[in-house]
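These notes are about the structure you will find just below.
Protein chains: 2
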Amino acid sequence: MTSAKTIYAGCDQKLEIILREAAHIFARKGFRGATIRDIARQTGISLAGLYYYFRSKDELLFLIQKHCFEWLTLSLEQQLEGVADPVARLRLLVKNHLEYFLTNMREMKVLSHEAESLDGAFLAEIEQIKRRYYKICLSVVQELINAGKMKELNPRITVMSLLGMMNWIYNWYDAKRDGKVHDLANPMTEIFLRGILR
Amino acid sequence: MTSAKTIYAGCDQKLEIILREAAHIFARKGFRGATIRDIARQTGISLAGLYYYFRSKDELLFLIQKHCFEWLTLSLEQQLEGVADPVARLRLLVKNHLEYFLTNMREMKVLSHEAESLDGAFLAEIEQIKRRYYKICLSVVQELINAGKMKELNPRITVMSLLGMMNWIYNWYDAKRDGKVHDLANPMTEIFLRGILR
DNA sequence: TCGTTCTTCGAACGAACGTTCGAACTAAAT
DNA sequence: ATTTAGTTCGAACGTTCGTTCGAAGAACGA
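If you read the protein sequences in the order shown, they are chains A and B. If you're matching positions, the first sequence starts at 65 in my numbering and goes up one per residue. If you're matching positions, the second sequence starts at 65 in my numbering and goes up one per residue.
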């Protein structure tokens, strides 16, 4: 039996725990506000002992963001596979994004909110995944345009508006108040789809 | 002749400069990543000399957020004043928000992105303004519902979707690529309005 | 039992940070 | 000329942080 959270598959089991707890702490305190000592306390591993599993605090953030983003992208590609109808594809995009967001809220908050906390090669690799994800979103919108189903809207601004609508949820979503995935996905899909279709 | 940026009206002239430069640096490096020494270098004031104008780094962030948010709210209230038509009011809300955002991008990024960086009395006061602003947005949507012009959507989720769409722009807006205010406000208004109206 | 590799940790280092202190400078008022 | 209040700053303090080092323990095959 594997770990409860599938995001960190392929990792050492102890590293999984570290990444999960670190994501939790980064989400609550912010990357710079969080401390390796916080993670040591939370995981029960000593301060020095943690460095057996990662080389630096930056690499720790990188690993969290990378795993989170790669799974999100992979999940989207799988969902869209074999679906031809442009409207259905957009619905799937929204559903996948929000489902993943709510299921992995802490990691997605870290991915969204700490987008500028890395630099160098780490940042470059995350941005590469980001471009790949953005390209898929753009193509879904472009297919709607090509099918003549969409109003004449700037594709980039259209996609960014949708992503903003969805990514912002880490600032306000409250499970008790706002319900489950479909309680978000339905109105958001409705608003956006109806908003861009002819 | 007053200062170039009206946001910090009512402040000591030198404090205005400090707040403006600090907002610039907080936006670029993040609140915790930025240093009082950075602000000293940028303003030409010595490290110790800065503390004549504010009591702590936290208060500095608070002052930036407070001035920014109060002006935004005031501007919205003035724009809506005397306008009765619900659809027109929503258009004005979007226009005001985006106009203000693009005009004061650095401050609005600091306001949006550092929403959890304060605590205690500072946080409480900012959240009070936030509730006031949110209430206005909610009432604008509620008026649309009462007028029977809107679909049956959860008002809270509707408002948060709109705010997310707009607030996210600090993550992607590029003046050269994305044009001016109306290049954003027009498509966003169109998408959202068409998305929620019957 | 020995030797090797993997894993863990207490202790400490060096750097960076927010903040403070007391002195010095300025300028207007007495 | 002296006082007073407003303003500025070099230097330093105390704390916290990321990271490192060397040793010790655990696991396991030879």
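The C-beta atom is built at its ideal place from N, Cα and C for all residues, glycine as well.
The Cβ of A:Ser-120 sits no closer than 9 Å to any Cβ of chain B.
Contact of A:Arg-96 with chain B is assigned, a C-beta pair being separated by under 9 Å. Residue state for A:Leu-124 is assigned as helix, using DSSP reduced to three classes. Among the CB atoms of chain B, one or more fall inside 9 Å of the CB of A:Asn-218.
CA-to-CA, the gap between A:Ile-103 and A:Leu-144 works out to about 37 Å. In terms of Cβ geometry, B:Leu-83 and B:Ile-100 do not form a close pair [threshold 9 Å]. A direct Cα-to-Cα measurement between A:Pro-251 and A:Ala-179 gives close to 27 Å. Pairing B:Ile-255 with B:Met-230 gives a Cβ-Cβ distance that is not under 9 Å.
B:Gln-129 counts as buried, since at least 16 other C-beta atoms from the protein chains shown sit within 10 angstroms of its C-beta. Taking the C-beta atoms as reference points, B:Leu-125 is found nearer than 9 Å to B:Phe-95. Using beta-carbon distances, B:Glu-180 counts as an interface residue toward chain A, with a partner under 9 Å. Per the Cβ contact rule, the stretch 152-167 of chain A is not in contact with the stretch 212-221 of chain A (fewer than 3 Cβ pairs under 8 Å). With respect to A:Ser-181, B:Trp-232 sits apart: the two C-beta atoms are not nearer than 9 Å. Per DSSP, the continuous alpha helix (DSSP H) segment holding B:Leu-162 begins and ends at 150-167. Taking the Cα of B:Met-214 as reference, the smallest distance to any Cα among B:Ile-260, B:Leu-156, B:Asp-149, B:Tyr-115 is reached at B:Ile-260. Here B:Leu-248 carries a helix assignment [DSSP, helix/strand/coil]. Interface residue (Cβ-Cβ distance to chain A less than 9 Å): B:Ile-103 is not classified as such. Here the C-alpha atom of B:His-177 lies approximately 31 Å from the C-alpha atom of B:Glu-216. A contact between stretches requires three or more CB pairs, one per stretch, nearer than 8 Å, and the stretch 192-202 of chain B fails this requirement with the stretch 187-207 of chain A. Separation of B:Thr-107 and B:Glu-80 (C-alpha to C-alpha, rounded to the nearest whole angstrom) is 11 Å.
Residues are counted here when their Cβ sits less than 8 Å from a Cβ of chain B; for the stretch 237-260 of chain A these are Arg-241, Asp-242, Asp-247, Leu-248, Pro-251, Met-252, Glu-254, Ile-255, Phe-256, Leu-257, Arg-258, Gly-259, Ile-260, given in chain order. Linking B:Ala-148 to B:Asp-238 through their CA atoms gives a straight-line distance of about 34 Å.
Among the CB atoms of chain B, none fall inside 9 Å of the CB of A:Ile-193. Apart from the 5 residues on each side of it in sequence, B:Val-174 sits with its Cβ closer than 8 Å to the Cβ of Ala-87, Phe-90, Ala-91, Phe-95, Leu-125, Ile-128, Gln-129, Cys-132 in its chain, given in chain order. The shortest C-alpha to C-alpha distance from A:Lys-78 to any of A:Ser-120, A:Glu-191, A:Ile-109, A:Gly-243 is the one to A:Ile-109.
Under the Cβ criterion of 9 Å, A:Lys-159 is not counted among the residues facing chain B.
For A:Lys-215, the nearest beta carbon of chain B is closer than 9 Å to its own beta carbon. Taking C-beta atoms under 8 Å as the contact rule, B:Ile-193 and B:Thr-137 qualify, at a distance of about 6 Å. Residue-level contact by beta carbon fails for B:His-131 and chain A, as no gap is shorter than 9 Å. Closest in alpha carbon position to A:Ala-98, among A:Arg-262, A:Gly-113, A:Phe-118, A:Asp-122, is A:Asp-122.
Annotated three-state conformation of B:Leu-182 is coil, per DSSP. Taking 9 Å as the threshold, the shortest C-beta distance from A:Ile-100 to chain B does not fall below it. By the C-beta density criterion, A:Tyr-116 is exposed, having fewer than 16 other C-beta atoms within 10 angstroms. If you compare the alpha carbons of A:Arg-258, A:Ser-120, A:Asp-76 with that of A:Leu-208, the shortest gap goes to A:Arg-258. Short of 7 Å from the beta carbon of A:Glu-171, and not among the five residues preceding or following it, lie these beta carbons of its own chain, in chain order: Ile-71, Ala-87, Ile-128, Cys-132. A direct Cα-to-Cα measurement between B:Leu-154 and B:Ala-249 gives close to 12 Å.
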